[in-house]
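Structure record follows, encoded as structure tokens.
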């Protein structure tokens with residue numbers, strides 16, 4: 004039968020005026036890479052669930068999108084990730100929420116669907132389940148990008164004093180932002196420009 | 073937020089969504105992405121949907137399931153069902169965002185009411201398409 008795949012990388016206020024030609028090219032290239040990864044699975048007879056996973060993992064690993072690497076920061080300066088997956092044949096589904104050490108949340112959601120009786124697991128419990136499934140846990144630093152860190156800093160500067168971010172010097176994220184290597188990273192440099200982006204106001 | 077929907081050789085649909093959530097979120101807040109029926113839904117008889125946008129509205133509007141239910145019960149096309157929910161129902165609630173969908177015969181569908189959505193497809197003819205703006 005027919006095979007086909009479609010993806011999205013998030014919706015919102017995306018203005019051409021704020022996009023450099025290089026960044027726009029980078030987005031198109033990453034979208035195409037994700038599509039081809041998923042389509043390859045379908046072409047070789049693989050399942051739609053595996054194709055969806057393959058496409059999403061490419062976008063989770065890219066700092067261009069708000070998922071996995073490049074995820075936004077919470078008020079508490081952490082990254083909390085959510086994911087879900089569903090198969091149309093059996094209406095079986097799996098979801099996880101509020102995890103901070105799972106490199107590819109869509110893979111854990113798929114394990115919940117296939118290897119548990121549950122539909123959704125959250126927070127520490129989801130990470131314990133991940134452990135039981137031998138899923139690799141990464142350091143929470145893995146998710147840090149300057150772009151997202153600066154977005155949080157900018158927001159917290161505008162918030163009432165009680166929410167102000169402390170300037171303690173030994174704050175590991177603050178230190179990480181000053182890491183020249185990070186700043187030299189091509190993607191970080193490009194996406195750091197996005198801090199000029201007029202963010203919309205759906206925060207917190 | 074990122075998402076994907078697919079149709080395989082056996083005619084099975086699947087949908088998936090993954091997100092970092094909302095900047096500056098507090099109290100363990102989650103949006104629609106991990107909520108089956110709101111941010112993600114798949115049913116071989118109707119469609120596969122992955123949604124992205126202001127989660128609270130997508131949950132209250134049960135967006136992903138609502139689109140599939142309209143296809144199934146109203147017998148309308150996936151594009152029409154998606155537009156009814158995203159361009160009318162969600163907009164009336166002041167909710168912004170969009171969805172990517174796949175029909176049981178392999179038609180990819182987009183519907184979004186914001187200025188842009190990173191999106192793309194490879195259709196049943198193998199044609200690849202990517203886009204950002206409206």
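Chains as they are written, first to last, in this note's numbering: chain A, 4 to 207; chain B, 73 to 206. Where a beta carbon is used, it is the ideal one built from N, C-alpha and C, also for glycine.
Residue i versus the options, residue with shortest Cα-Cα distance
i	options	result
residue 6 of chain A	B:164, B:91, B:205, B:194	B:194
residue 158 of chain A	B:97, B:87, B:90, B:79	B:97
residue 89 of chain B	B:113, B:148, B:134	B:113
residue 12 of chain A	A:4, A:20, A:22, A:33	A:33
residue 144 of chain A	A:80, A:92, A:111	A:80
residue 55 of chain A	B:99, B:129, B:184, B:84	B:84
residue 15 of chain A	B:201, B:203, B:190, B:200	B:190
residue 127 of chain B	B:115, B:107, B:155, B:119	B:107
residue 176 of chain B	A:155, A:90, A:39	A:90
residue 118 of chain A	A:50, A:128, A:130, A:97	A:97
residue 46 of chain A	B:81, B:157, B:181	B:81
residue 75 of chain A	B:102, B:129, B:140	B:102
residue 140 of chain A	A:152, A:111, A:155	A:111
residue 111 of chain B	B:200, B:170, B:163	B:170
residue 20 of chain A	B:105, B:142, B:94, B:188	B:188
residue 26 of chain A	A:135, A:65, A:49	A:65
residue 50 of chain A	A:154, A:107, A:156, A:113	A:113
Cβ distance (whole Å) where residue i is taken to contact residue j below 8 Å
i	j	result
residue 109 of chain B	residue 168 of chain B	Not confirmed; about 20 Å, so no contact.
residue 178 of chain B	residue 79 of chain B	5 Å
residue 52 of chain A	residue 88 of chain A	7 Å
residue 57 of chain A	residue 63 of chain A	Actually they do not touch by this definition, with Cβ atoms about 11 Å apart.
residue 77 of chain B	residue 120 of chain B	4 Å
residue 84 of chain A	residue 105 of chain A	6 Å
residue 30 of chain A	residue 67 of chain A	6 Å
residue 115 of chain A	residue 99 of chain A	6 Å
residue 142 of chain B	residue 156 of chain B	6 Å
residue 94 of chain A	residue 115 of chain B	6 Å
residue 192 of chain B	residue 35 of chain A	7 Å
Span of the beta strand (DSSP E) around residue i
i	result
residue 191 of chain B	188–194
residue 130 of chain B	It is not in any beta strand (DSSP E) - residue 130 of chain B instead sits in the alpha helix (DSSP H) that spans 127–132.
residue 90 of chain A	84–90
residue 123 of chain A	123–125
residue 170 of chain B	169–174
residue 75 of chain B	74–79
residue 51 of chain A	First-last for residue 51 of chain A: 51–63, but that is the alpha helix (DSSP H), not the beta strand (DSSP E).
residue 85 of chain B	85–91
Residue i: first and last residue of the uninterrupted alpha helix (DSSP H) it sits in
i	result
residue 116 of chain A	108–118
residue 34 of chain A	24–46
residue 78 of chain A	No alpha helix (DSSP H) contains residue 78 of chain A, which DSSP labels as neither H nor E.
residue 110 of chain B	Looking at the DSSP string, residue 110 of chain B is not in any alpha helix (DSSP H), and its letter there is neither H nor E.
Per-residue burial, residue i [other beta carbons within 10 Å of its own, 16 or more giving buried]
i	result
residue 117 of chain B	exposed
residue 205 of chain B	exposed
residue 82 of chain A	buried
residue 186 of chain B	buried
residue 145 of chain B	exposed
residue 172 of chain A	Its pLDDT being 40, under 50, residue 172 of chain A is placed unreliably by the model, and the measurement read from it follows with that caveat. Exposed, since its Cβ has fewer than 16 Cβ neighbours within 10 Å.
residue 161 of chain A	exposed
residue 92 of chain B	buried
residue 189 of chain A	Any reading at residue 189 of chain A needs caution, since the residue's pLDDT is 44, under 50, leaving its predicted position unreliable; the model's value is listed next. Exposed, by the Cβ-count rule.
residue 10 of chain A	buried
residue 170 of chain A	Below a pLDDT of 50, predicted positions are generally treated as unreliable, and residue 170 of chain A, at 47, falls in that range; the measurement from the model is reported next regardless. It counts as exposed.
residue 132 of chain B	exposed
residue 130 of chain A	buried
residue 180 of chain B	buried
residue 87 of chain B	buried
residue 154 of chain B	buried
residue 107 of chain A	buried
residue 146 of chain A	buried
residue 148 of chain A	buried
Chain A contact residues for residue i, given Cβ-Cβ distances below 8 Å
i	result
residue 81 of chain B	4, 6, 45, 48
residue 98 of chain B	77, 78, 79, 207
Under 7 Å from the C-beta of residue i: neighbouring residues of chain B
i	result
residue 82 of chain A	92
residue 29 of chain A	Under the 7 Å cutoff, chain B gives no residues; its nearest Cβ is about 11 Å from residue 29 of chain A.
residue 69 of chain A	73, 91, 92
residue 96 of chain A	108
residue 214 of chain A	With chain A represented from 4 up to 207, any question about residue 214 of chain A goes unanswered, as that position is not in the structure.
residue 148 of chain A	None at all; the shortest Cβ gap to chain B is about 10 Å.
residue 19 of chain A	205
residue 85 of chain A	91, 93, 102, 105, 106
residue 212 of chain A	This structure leaves residue 212 of chain A out entirely; chain A is present only between 4 and 207.
residue 122 of chain A	108
Chain-ordered neighbours of residue i on chain A, where CB pairs are closer than 9 Å
i	result
residue 167 of chain B	What residue 167 of chain B touches in chain A: nothing, since even the nearest Cβ is about 10 Å away.
residue 76 of chain B	8, 9, 10, 11, 37, 38, 41, 54, 55, 56, 57, 58, 59, 62, 109
residue 163 of chain B	What residue 163 of chain B touches in chain A: nothing, since even the nearest Cβ is about 13 Å away.
Short CB-CB distance (under 7 Å) between residue i and chain E
i	result
residue 36 of chain A	Among the protein chains in the structure shown, which are A and B, there is no chain E.
Interface residues of chain B facing residue i [CB-CB closer than 8 Å]
i	result
residue 106 of chain A	Residues of chain B passing the Cβ test: none, with the nearest at roughly 11 Å.
residue 154 of chain A	95
Cross-chain neighbours of residue i in chain A, by beta carbon under 7 Å
i	result
residue 144 of chain B	In chain order: nothing, as chain A lies at least about 12 Å away.
residue 120 of chain B	91
residue 85 of chain B	51, 91
Partners in chain B for residue i, counting only beta-carbon separations shorter than 9 Å
i	result
residue 239 of chain A	Any property of residue 239 of chain A remains undetermined from this structure, which presents chain A solely from 4 to 207.
residue 16 of chain A	168, 186, 187, 188
Near the ligand NAP: residue i beta-carbon under 6 Å from a heavy atom
i	result
residue 85 of chain B	No copy of the ligand NAP appears in this structure; indeed no ligand is present at all.
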